[in-house]
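Take a look at the structure below.
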Amino acid sequence: MSASQVEMFNKASFLTRLVASSVRVSEAAGGIIKNVMAGGDLKIIDKSEQSGTGYDPQTEADRRAQYCIVQSLQKNFQNITIIGEEEDTTACPELEMGFNEDVLFTDRLMSNELKEIKENEVVVWVDPLDGTSEVALAVKNKNLALLEQVTVLIGIAYKGRPVAGIIHQPYHSTSGRTVWAIRG
Numbered sequence: 418m419s420a421s422q423v424e425m426f427n428k429a430s431f432l433t434r435l436v437a438s439s440v441r442v443s444e445a446a447g448g449i450i451k452n453v454m455a456g457g458d459l460k461i462i463d464k465s466e467q468s469g470t471g472y473d474p475q476t477e478a479d480r481r482a483q484y485c486i487v488q489s490l491q492k493n494f495q496n497i498t499i500i501g502e503e504e505d506t507t508a509c510p511e512l513e514m515g516f517n518e519d520v521l522f523t524d525r526l527m528s529n530e531l532k533e534i535k536e537n538e539v540v541v542w543v544d545p546l547d548g549t550s551e552v553a554l555a556v557k558n559k560n561l562a563l564l565e566q567v568t569v570l571i572g573i574a575y576k577g578r579p580v581a582g583i584i585h586q587p588y589h590s591t592s593g594r595t596v597w598a599i600r601g
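Start counting at 1 in the sequence shown, then tack on 417, and there's your number in my numbering.
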């Protein structure tokens with residue numbers, strides 16, 4: 418990152434910086450998912466045994482990806498509340514401190530209300546691996562086409578309403594795809 422990019426990041430509103438960071442964090446989590454899959458040992462557990470619901474698989478990829486997302490965002494934004502799908506996580510060395518520069522260019526387009534949001538006013542919702550069942554089926558049936566459905570989801574709410582979201586598809590095409598939006 419150049420000095421001008423860092424300066425642009427530091428001058429942007431909190432919400433813009435959070436989304437810019439979340440884009441990169443979601444991509445890092447996608448990389449973790451792909452690495453766990455490539456390693457072959459998914460360490461699948463059934464979360465429904467604890468909750469009493471239908472089959473609800475969780476993999477090592479879920480646990481590591483959530484750890485990466487939560488720890489990376491909390492390092493940059495100490496006062497945000499993060500609610501993740503997974504109760505148990507696995508520590509991993511992969512943390513992401515970077516940001517997506519393209520998001521920073523949208524800062525000037527945001528409403529004043531969104532620009533004035535503070536860290537302690539948002540809740541970040543995380544589904545580190547949406548599509549765990551598809552991952553388990555892909556491995557079991559050796560049907561890697563199912564992996565196209567896997568996503569990393571990060572949603573940002575302010576006053577109980579969604580204001581931004583990030584979707585990363587690690588298995589889309591050859592290098593993955595990330596889409597994001599900030600309200601209005």
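From the three backbone atoms N, C-alpha and C, an ideal C-beta is built for every residue, glycine too.
Closest by C-alpha distance to Arg-600, out of Lys-460, Lys-532, Gln-566 and Ser-443, is Lys-532. The C-alpha of Gly-515 is placed about 11 Å away from the C-alpha of Lys-492. Listed in chain order, the non-local C-beta contacts of Ala-574 below 6 Å within the same chain comprise Val-540, local neighbours out to five positions each way being set aside. Secondary structure of Gln-586 (DSSP, three-state): strand. Residue environment analysis places Asp-505 among the exposed positions, since fewer than 16 neighbouring C-beta atoms fall within 10 angstroms of its C-beta. When DSSP states are grouped into helix, strand and coil, Ile-486 belongs to the helix group. Counting along the chain, Arg-434 sits inside the alpha helix (DSSP H) bounded by residues 431-456.
A straight-line Cα-Cα distance of about 7 Å links Val-453 and Leu-459. The stretch 584-598 and the stretch 562-574 touch, with three or more beta-carbon pairs separated by less than 8 Å. Nearest neighbour of Asn-517 by Cα position, chosen from Lys-559, Ala-437 and Ser-443, turns out to be Ala-437. The three-state reading of DSSP puts Ala-508 in coil, since its state is none of H, G, I, E or B. Take Gly-548, set aside five residues on each side of it, and the residues of its chain with a beta-carbon closer than 7 Å to its own are Gln-566, Val-567 and Thr-568, in chain order. In this chain, the alpha helix (DSSP H) harbouring Asp-519 covers 518-521. By the beta-carbon neighbour count (other beta carbons within 10 angstroms, threshold 16), Asp-544 is buried. Thr-549 carries a helical assignment under DSSP once its states are collapsed to helix, strand and coil. DSSP, read as helix, strand or coil, puts Arg-600 in coil. For Ile-534, the closest of Gly-577, Ile-486 and Val-596 by C-alpha to C-alpha distance is Gly-577. Within the same chain, Cβ atoms closer than 6 Å to the Cβ of Gln-488 are found at Leu-512, the five residues on either side in sequence being excluded.
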